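This report refers to the structure that appears directly beneath it.
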Ligand SMILES: Cc1ncc(COP(=O)(O)O)c(C=O)c1O
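The following block contains the structure:
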């Protein structure tokens, strides 16, 4: 070894030895405030095999998974997507495999403008859209754009745990407005905003899932949408409208979006391909007035999404194939819902109280005479796993110990028919 090679080797050894000092070092003093306060994983990740913290797991040999809001695995449009990916890679490999910019692939933004314009009965342009990593990524980016630590956000109570987590991760204060009776919801938001203003502060953002809500399955009436827009305009509260389940209606589509009612003023909408195509795509979008989209783009530092994915989805959705897929999904989820409801009504009548949803993936049930935690635990012994309702409240068990959320999307129809008798056995062990 020459002299300079030896010197290089020594320097390298010194660097490696110095780096050893990290071994066993506690990184907690380096964490951001957000990383320091957040729990390990989100509730959504509980839908990932092997990652379950807040949802139950089971050793049962025939498990029935009512945990995450995940599309039916047997109906994923694999061949349609494969053809779209093949076509993109055959025709536009260079563009598909290099950076695509922070707004995302223009043709997919155009497809979204046409399709969402048609669905919502409004005129939209490509520039009203920015593509994100799922709707979760969209919500995160909106929080980056509008929220500072200690800002105040109103969220429906209960609410999607993932979004509560995102807002909390931005070190904001969450005020929960109880969903309860839909007719009074806007008044509750008004009262909450008045209270905040009386203390010399203001509410910046309201987060809502108006259609086939997660976790309650409820759909906001048109009158409440209108009232909410009035209240939020009065207080200058931005509305973040999460449309994750809007297209999964069983018969009739839901009432007009808040965005449509307000003609986009003061409303930022979030959409996703997760529930209508597949959660693994991780492609969603923000739909908003152009100045909002431009502001969002300014704080987007991740070099944008994947042009390959955007192009393949543009092909699959733009060809209209997704519409046939969606029609099939609506029929399937309607049947699944009917099966689960019939099974629960037949076997669990005295123990569960619930409303039948008009769409979406969830049944939200109140347990009678037993705590949700006990029911979730005993149901897991029967092989049925789902989320205790407390996961969907900012203060968890402090706020709720009586509800459970059952996702109907993932399990088969045969499995859903089995839920009633298995849950009845679980209740018998607790109640009788
Ligand atoms: C209401 C709601 N919003 C957003 C999401 C996140 O979905 P994604 O990021 O996959 O689009 C979910 C996932 O369950 C959800 O239920």
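Residue numbers (the working numbering): 3 to 434. Even glycine gets a Cβ: it sits at the ideal position worked out from N, Cα and C. Please read all numbers here as calculations on a predicted model, not as lab measurements.
Does any heavy atom of ligand 1 sit closer than 7 Å to the C-beta of residue 416? No - ligand 1 has no heavy atom lying nearer than 7 Å to the Cβ of residue 416.
Return the bridge partner residues of residue 409 from the DSSP annotation. Paired residue(s): 364.
Leaving aside the five residues before and after residue 103 along the sequence, list all residues of the same chain whose C-beta is less than 6 Å from its C-beta, in chain order. By the criterion of a C-beta distance shorter than 6 Å, residue 103 is surrounded in its chain by 306, once the five residues flanking it on both sides are discounted.
Mapping the DSSP letters down to three states, classify residue 175 as helix, strand or coil. Looking at residue 175 - three-state DSSP - the assignment turns out to be strand.
By a C-beta neighbour count over all protein chains shown, 10 Å radius and 16 as the cutoff for buried, is residue 308 buried or exposed? So residue 308 ends up on the buried side.
Helix, strand or coil at residue 394 [DSSP, three-state]: The answer is helix: DSSP assigns residue 394 an H, G or I state.
Classification of residue 73 by the beta-carbon crowding that lies within 10 angstroms, buried from 16 upward: By the 10 Å Cβ count, residue 73 comes out buried.
When the Cα of residue 268 is compared with those of 363, 277, 238, 98, which residue comes out closest? In terms of Cα proximity to residue 268, the closest of 363, 277, 238, 98 is 238.
Report the start-end ranges of each beta strand (DSSP E) in the segment 164 to 245 that is 3 residues or longer and not cut off at the edges. With a minimum length of 3 residues, the continuous beta strand (DSSP E) runs that stay inside the segment 164 to 245 are 175 to 180, 205 to 210, 240 to 244.
For residue 136, name the three-state secondary structure that DSSP assigns. Residue 136 carries a helical assignment under DSSP once its states are collapsed to helix, strand and coil.
Nearest residue (CA-CA) to residue 179, options 150, 211, 164: Of 150, 211, 164, the smallest CA-CA separation from residue 179 is found for 211.
If you drop the 5 nearest sequence neighbours on each side, which residues of the same chain put their C-beta closer than 7 Å to that of residue 396? For residue 396, where only same-chain residues beyond five positions count, the Cβ hits under 7 Å are 166, 176, 178.
Beta bridge counterpart(s) of residue 355 as assigned by DSSP: Residue 355 is bridged to 368.
Quick check on this structure: which residue in 97, 96, 127, 123 has the alpha carbon closest to the alpha carbon of residue 111? Considering only alpha carbons, the answer is 127.
Considering only the beta carbon of each residue, do residue 288 and residue 168 sit closer than 8 Å? Taking 8 Å as the cut-off, the beta carbon of residue 288 is found no closer than this to the beta carbon of residue 168.
Taking the alpha-carbon of residue 206 as reference, which of 191, 314, 349, 379 has the nearest alpha-carbon? Taking only the C-alpha atoms, the option nearest residue 206 is 191.
Reducing DSSP to helix, strand and coil, say where residue 317 ends up. In the structure shown, the three-state DSSP call for residue 317 is helix.
Counted within 10 angstroms of its Cβ, other Cβ atoms place residue 292 as buried (16 or more) or exposed: Exposed is the call here.
Quick test of your reading: residue 386 and residue 418, contact by CB under 8 Å. State the CB separation rounded to the nearest angstrom. Cβ-Cβ separation between residue 386 and residue 418: approximately 10 Å, too far for a contact (criterion under 8 Å).
What's the C-alpha gap between residue 402 and residue 193? Whole-angstrom Cα-Cα distance: 22 Å.
Is residue 250 helix, strand or coil by DSSP? Coil at residue 250, not helix or strand.
Check each candidate in 183, 202, 130 and name the one with the smallest Cα separation from residue 222. Put simply, of 183, 202, 130 the residue whose alpha carbon is nearest the alpha carbon of residue 222 is 183.
Check whether the segment 30 to 42 touches the segment 350 to 364, taking contact to mean three or more Cβ pairs, one atom from each stretch, closer than 8 Å. Contact fails: fewer than three Cβ-Cβ distances are below 8 Å.
Heavy atom of ligand 1 less than 7 Å from the Cβ of residue 162, yes or no? Because some heavy atom of ligand 1 lies under 7 Å away, the Cβ of residue 162 counts as near it: yes.
According to the neighbour-count rule (16 or more other Cβ atoms, all chains shown, within 10 Å of its Cβ), is residue 53 buried or exposed? At residue 53 the pLDDT is 44, less than 50, meaning the model places this residue with poor confidence and gives no usable figure here.
Just mark residue 245 as buried or exposed, buried being the case when its beta carbon has 16 or more other beta carbons within 10 Å. Around the C-beta of residue 245, 16 or more other C-beta atoms lie within 10 Å, and the residue is accordingly described as buried.
Determine the contact status of residue 122 and residue 262, defining contact as a CB-CB distance below 8 Å. Yes, the Cβ-Cβ distance between residue 122 and residue 262 is below 8 Å.
If you run the structure through DSSP and keep just helix, strand and coil, what is residue 77? Looking at residue 77 - three-state DSSP - the assignment turns out to be helix.
For residue 253, which option in 200, 285, 331 has the closest C-alpha, if you only look at C-alpha atoms? Considering only alpha carbons, the answer is 331.
Taking 7 Å as the cut-off, is the beta-carbon of residue 211 closer than that to any non-hydrogen atom of ligand 1? Residue 211: yes, Cβ under 7 Å from ligand 1.
N-terminal and C-terminal residue of the alpha helix (DSSP H) that residue 127 is part of: In the DSSP assignment, residue 127 falls outside any alpha helix (DSSP H), carrying neither H nor E.
Can you check whether the C-beta of residue 123 is within less than 8 Å of a C-beta belonging to chain D? In the structure shown, chain D does not exist; there is a single protein chain.
Judging by CA-CA distance, which residue of 201, 340, 139 is the nearest neighbour of residue 303? For the residues 201, 340, 139, the minimum Cα distance to residue 303 belongs to 139.
With DSSP collapsed to three states, give me the class of residue 440. The shown model of the chain, from 3 to 434, leaves out residue 440, and the question about it has no answer.
Measure the CB-CB distance between residue 339 and residue 260 and report whether it falls below 8 Å. No. Outside cutoff.
Among 132, 321, 198, 181, which one has its Cα closest to the Cα of residue 274? Looking at the Cα atoms, 132 is the closest of the given residues.
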